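One structure is given here, and the rest of the page talks about it.
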């Protein structure tokens, strides 16, 4: 997951999240069920029919996270994922990322060039 969320602007939240399953040929009903489960996990259940332009930065990030996680990777590379968010939203997203990581049990590898962000991230992970 990159700093720029690279969402498809012409697709809804649901369509963005289910995209990789569609490319794998997963049947429509199963794809939708899995996407809705992932959307629930990232806390966007009420926004499934919205387009990226209608979402806040934090909501866009959650869509990108759901889209990255739906394929159940062994690990997830996060390249400056919090860089474009303001301080308070960054703090909230750190907590959310930790919660999601613990719930699904995959390894997150976070790239950052800021010693301060790295220290904050490590503190959050250890709590």
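In the working numbering, the protein residues as written are 3 to 129. C-beta: ideal position from N, C-alpha, C; glycine also. What you are looking at is a predicted structure, and each value in this text was computed from that prediction instead of being measured.
{"Check": "My output table needs one value for residue 111: the three-state DSSP class, helix, strand or coil.", "Outcome": "strand"}
{"Check": "From residue 60 to residue 7, what does the alpha carbon distance come to, in whole angstroms?", "Outcome": "10 Å"}
{"Check": "Between which two residues does the beta strand (DSSP E) containing residue 77 stretch?", "Outcome": "77 to 81"}
{"Check": "Helix, strand or coil: how does DSSP classify residue 5 here?", "Outcome": "The predicted position of residue 5 is uncertain, since its pLDDT is 48 and thus under 50; a value taken from the coordinates is nonetheless stated next. In the structure shown, residue 5 sits in coil (DSSP, three-state: anything other than H, G, I, E or B)."}
{"Check": "Residue 41 lies in the alpha helix (DSSP H); which residues open and close that run?", "Outcome": "30 to 43"}
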